[in-house]
Amino acid sequence: MATAITDPARLRQRARSGSWTGATAGACAGYLQANLVILGGREAEGFARLCRANPTPLPLLERTRPGQYTGLRTALRADLRTDAPAYHVHRHGVFEAEVTSVEDLWREDFVAFLLGCSYTAEAALLGAGVRLRHVTEGLVPPMFVTGLACEPAGGFHGPMVVSMRPIERDQLAEAVAVTGEYPLAHGGPVHIGDPAEIGVDDLGIPDWGDPMVPSPTEVAVFWACGVTPQAVIRAAAPELAITHAPGRMFVTDVPAADIRGRTEL
């Protein structure tokens, strides 16, 4: 299980060496985890506009200078080319490959975007006594493309992606309240209950992650998800785009407590 590592620098070092390629749910509890999007300079400004127009699915934590891959505000000694457990490469909107390093693909015009992740709020949920079955079972939360559209901006458009966590009914109010305190980690749920109402047909067949179907004492709770850029990339089809692999986040050095109640980092 991911809980074996508690130090972000240690997890990133293992990712860099290739000895950690798995999910980061439950890892480095109490630290800010981030979704990663890397685009060429021609598309970067448009994507920044998309983030500003859609702060719930795309909460922007940090944007790099062209060509910058280290010296980050959120993780000073990290290397964005190697320090995520795995990356997805997309060409013209089509997934091409999963890799553990993008050093050989790096370009001087690349701009990286770090976006908030709902994993960040999970330590607070666990601390509040909310049961997270994917953590105890060592699974990646299921993620689904929805019928909810992002606000188009900067030449980008596409559907919102959500992550689903089965929550015990008697813990639902606590889960909503706790996650609502972390707008930079997607904030509170965007939907609770019937998945068909947001265009999700079958909880047993996620687009990414592991299937998890609520038990009779649980309810399906959906949060906006940082995999949304991957759905947007499919729709907008930029020449080359690099993202983290779903469920395998870039872990920063920022304590999660530092973003509580904040809308900017």
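All residue numbers for the sequence shown refer to the working numbering, where the first residue is 55 and numbers rise by one.
We treat Cβ as the ideally placed atom computed from N, Cα and C, and that holds for glycine.
Nothing here was measured: the structure is a model prediction, and the numbers come from that model.
So who's on the other strand from N89, going by DSSP bridges?
Bridge pairing for N89: L169 [DSSP].
Tell me the rounded alpha-carbon separation between E235 and T124.
One C-alpha to the other measures close to 30 Å.
Leaving aside the five residues before and after I296 along the sequence, list all residues of the same chain whose C-beta is less than 6 Å from its C-beta, in chain order.
These residues qualify, in order along the chain: I92, Y141, V143 and V156.
Helix, strand or coil for G76 per DSSP?
In this structure, DSSP gives G76 a state outside helix and strand, which the three-state scheme calls coil.
Determine the direct distance from the alpha carbon of E162 to that of A77, and round the result to whole angstroms.
Separation of A77 and E162 (C-alpha to C-alpha, rounded to the nearest whole angstrom) is 29 Å.
Relative to the alpha-carbon of F101, which residue among R302, F210 and A289 has its alpha-carbon at the smallest distance?
Minimum Cα distance to F101 is reached at F210.
Please state whether DSSP places E152 in a helix, a strand or coil.
E152: strand per DSSP, three-state reduction.
Kindly indicate which residue of I59, N89, S73 and D307 has the alpha-carbon position closest to the one of V215.
Closest by alpha carbon: N89.
With DSSP run on the structure shown, which of helix, strand or coil describes H245?
H245: strand per DSSP, three-state reduction.
Using only the alpha-carbon positions, how far apart do H13 and G95 sit?
With the chain represented from 55 up to 319, any question about residue 13 goes unanswered, as that position is not in the structure.
Closest Cα partner of L186 within the set P213, G258 and G80
Ranked by how close their Cα comes to the Cα of L186, the residues P213, G258 and G80 have G80 in first place.
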